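Colleague: Dropping a structure here in C-alpha coordinates format, bear with me for questions.
Residue numbers (our numbering): 450 to 581.
Set out below in C-alpha coordinates:
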(Lines of atoms letter the chains of each structure in order from A; the text may use other names.)
(Lines give C-alpha, C1' and ligand atoms only; values in the text may rest on other atoms or scores of the structure.)
Protein backbone atom coordinates (compact mmCIF):
# COMPACT_ATOMS: atom_id res chain seq x y z
CA UNK A 450 0.00 0.00 0.00
CA UNK A 451 1.17 3.51 -0.84
CA UNK A 452 0.26 6.40 1.43
CA UNK A 453 0.46 10.08 0.59
CA UNK A 454 -0.05 13.00 2.95
CA UNK A 455 -0.13 16.75 2.52
CA UNK A 456 2.47 18.98 4.17
CA UNK A 457 0.49 19.52 7.39
CA UNK A 458 -0.78 15.91 7.58
CA UNK A 459 -4.51 16.73 7.61
CA UNK A 460 -5.27 15.37 4.11
CA UNK A 461 -4.00 12.47 2.08
CA UNK A 462 -4.69 9.23 0.27
CA UNK A 463 -4.11 5.48 0.33
CA UNK A 464 -3.59 3.32 -2.73
CA UNK A 465 -3.79 -0.47 -2.46
CA UNK A 466 -1.57 -2.59 -4.69
CA UNK A 467 0.75 -1.67 -7.53
CA UNK A 468 0.09 1.86 -8.79
CA UNK A 469 1.46 1.01 -12.24
CA UNK A 470 3.05 3.79 -14.23
CA UNK A 471 2.61 7.38 -13.13
CA UNK A 472 1.28 10.10 -15.43
CA UNK A 473 2.83 13.50 -16.03
CA UNK A 474 0.32 15.70 -17.88
CA UNK A 475 0.85 19.12 -19.42
CA UNK A 476 -2.76 20.35 -19.36
CA UNK A 477 -3.45 23.81 -17.98
CA UNK A 478 -4.10 22.47 -14.46
CA UNK A 479 -1.47 19.73 -14.13
CA UNK A 480 1.24 21.95 -15.57
CA UNK A 481 0.54 24.60 -12.93
CA UNK A 482 0.19 22.15 -10.02
CA UNK A 483 3.24 20.06 -10.93
CA UNK A 484 1.41 16.90 -9.89
CA UNK A 485 2.27 13.33 -10.91
CA UNK A 486 -0.78 11.08 -10.97
CA UNK A 487 -1.58 7.45 -10.09
CA UNK A 488 -5.05 6.39 -11.28
CA UNK A 489 -7.83 4.08 -10.22
CA UNK A 490 -11.48 4.36 -9.21
CA UNK A 491 -13.07 5.96 -6.17
CA UNK A 492 -13.40 3.62 -3.20
CA UNK A 493 -11.82 0.69 -5.02
CA UNK A 494 -8.02 0.83 -4.66
CA UNK A 495 -7.86 4.55 -3.83
CA UNK A 496 -9.24 6.21 -0.72
CA UNK A 497 -8.88 9.89 0.13
CA UNK A 498 -8.22 10.52 3.82
CA UNK A 499 -8.83 13.52 6.03
CA UNK A 500 -10.50 16.73 5.02
CA UNK A 501 -10.18 18.13 1.50
CA UNK A 502 -11.83 20.95 -0.35
CA UNK A 503 -12.31 21.22 -4.09
CA UNK A 504 -11.77 23.40 -7.11
CA UNK A 505 -13.57 22.87 -10.41
CA UNK A 506 -12.93 25.08 -13.38
CA UNK A 507 -15.76 27.55 -13.81
CA UNK A 508 -17.53 25.96 -16.75
CA UNK A 509 -21.12 24.98 -17.32
CA UNK A 510 -20.21 21.27 -17.19
CA UNK A 511 -16.82 20.62 -15.54
CA UNK A 512 -15.40 17.12 -15.98
CA UNK A 513 -13.24 16.95 -12.85
CA UNK A 514 -12.44 18.62 -9.58
CA UNK A 515 -9.10 19.08 -7.88
CA UNK A 516 -9.07 18.02 -4.21
CA UNK A 517 -6.64 19.88 -1.95
CA UNK A 518 -5.92 20.38 1.74
CA UNK A 519 -7.80 23.40 3.11
CA UNK A 520 -5.00 24.06 5.63
CA UNK A 521 -1.75 23.81 3.62
CA UNK A 522 -3.18 23.80 0.06
CA UNK A 523 -1.29 20.72 -1.18
CA UNK A 524 -2.97 19.13 -4.21
CA UNK A 525 -4.10 15.69 -3.05
CA UNK A 526 -6.09 14.27 -5.96
CA UNK A 527 -8.41 14.88 -8.84
CA UNK A 528 -11.85 13.31 -8.98
CA UNK A 529 -14.00 12.80 -12.05
CA UNK A 530 -17.37 14.52 -11.86
CA UNK A 531 -18.92 12.23 -14.46
CA UNK A 532 -19.34 8.52 -13.90
CA UNK A 533 -17.71 6.13 -16.36
CA UNK A 534 -19.98 3.97 -18.54
CA UNK A 535 -19.68 1.16 -15.97
CA UNK A 536 -20.86 3.47 -13.14
CA UNK A 537 -17.43 3.89 -11.53
CA UNK A 538 -15.81 7.26 -10.79
CA UNK A 539 -12.24 7.87 -11.97
CA UNK A 540 -9.83 9.35 -9.44
CA UNK A 541 -6.11 10.07 -9.44
CA UNK A 542 -3.80 10.79 -6.52
CA UNK A 543 -0.72 13.01 -6.50
CA UNK A 544 2.23 10.67 -5.89
CA UNK A 545 4.41 13.64 -4.96
CA UNK A 546 2.73 13.34 -1.53
CA UNK A 547 4.16 9.84 -0.98
CA UNK A 548 7.48 9.03 0.69
CA UNK A 549 10.17 9.50 -1.98
CA UNK A 550 11.69 6.06 -1.42
CA UNK A 551 8.30 4.43 -2.08
CA UNK A 552 7.73 6.02 -5.51
CA UNK A 553 11.20 6.90 -6.88
CA UNK A 554 11.36 3.83 -9.14
CA UNK A 555 7.90 4.20 -10.72
CA UNK A 556 7.95 4.82 -14.48
CA UNK A 557 6.48 8.03 -15.88
CA UNK A 558 3.99 8.08 -18.76
CA UNK A 559 3.65 11.43 -20.50
CA UNK A 560 0.22 12.63 -21.61
CA UNK A 561 -0.37 15.63 -23.85
CA UNK A 562 -3.42 17.10 -22.12
CA UNK A 563 -2.76 20.53 -23.60
CA UNK A 564 -2.81 19.95 -27.33
CA UNK A 565 -3.54 16.46 -28.72
CA UNK A 566 -4.92 14.47 -25.75
CA UNK A 567 -2.60 11.65 -26.79
CA UNK A 568 -0.16 9.50 -24.85
CA UNK A 569 3.40 10.49 -25.72
CA UNK A 570 6.30 8.08 -26.31
CA UNK A 571 7.98 6.76 -23.19
CA UNK A 572 11.40 8.20 -22.44
CA UNK A 573 12.30 5.79 -19.63
CA UNK A 574 12.19 8.40 -16.87
CA UNK A 575 11.01 7.55 -13.36
CA UNK A 576 9.52 9.68 -10.60
CA UNK A 577 13.01 10.30 -9.17
CA UNK A 578 13.99 11.93 -12.49
CA UNK A 579 11.24 14.53 -12.07
CA UNK A 580 12.59 15.82 -8.75
CA UNK A 581 15.38 17.89 -10.29
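Quick reminder that beta carbons are idealized off the backbone N, C-alpha and C, glycines included. Just so it is clear, the structure is predicted and the values come from calculations on it, not from any experiment.
1. Going by DSSP, what residues sit across from residue 493 in a beta bridge?
2. Pick helix, strand or coil for residue 521, following the three-state DSSP scheme.
3. Tell me the DSSP secondary structure of residue 565 in three-state form.
4. Just to confirm my understanding: we take residue 490, look at its own chain, exclude 5 residues before and 5 after, and list those with CB closer than 7 Å. What are they?
5. Hey, residue 494 and residue 533: beta-carbon distance below 8 Å or not?
6. How about residue 557 and residue 487: do their beta carbons lie closer than 8 Å?
7. Using DSSP bridges, identify the partner residues of residue 543.
8. Going by the beta-carbon positions, is the gap between residue 562 and residue 507 smaller than 8 Å?
Modeller: Let me spell this out:
1. In the chain shown, the residue the question calls residue 493 occupies position 44. DSSP, once it has assigned bridges, lists no residue as partnering residue 493.
2. Taking the first residue of the chain shown as 1, we reach residue 521 at position 72. Three-state DSSP puts residue 521 in coil, outside helix and strand.
3. One-based indexing of the chain shown puts residue 565 at position 116. It is coil, neither helix nor strand.
4. Start at 1 with the first residue of the chain shown, and residue 490 comes out as number 41. Close CB contacts of residue 490 within its chain, under the 7 Å cut and outside five residues either way in sequence, are with 537, 538, 539, 540 (chain order).
5. The count along the chain shown starts at 1 and reaches residue 494 at position 45. The count along the chain shown starts at 1 and reaches residue 533 at position 84. No Cβ-Cβ contact shorter than 8 Å links residue 494 with residue 533.
6. Position 108 of the chain shown, counting from 1, holds the residue named residue 557. Position 38 of the chain shown, counting from 1, holds the residue named residue 487. Taking a C-beta distance under 8 Å as the contact criterion, residue 557 and residue 487 do not qualify as a contact pair.
7. For the purposes of this step, residue 543 is identified with residue 94 of the chain shown, where counting begins at 1. Looking at the DSSP assignment, residue 543 forms a beta bridge with 486.
8. The residue given as residue 562 occupies position 113 in the chain shown. The residue given as residue 507 occupies position 58 in the chain shown. The Cβ atoms of residue 562 and residue 507 do not sit closer than 8 Å to each other.
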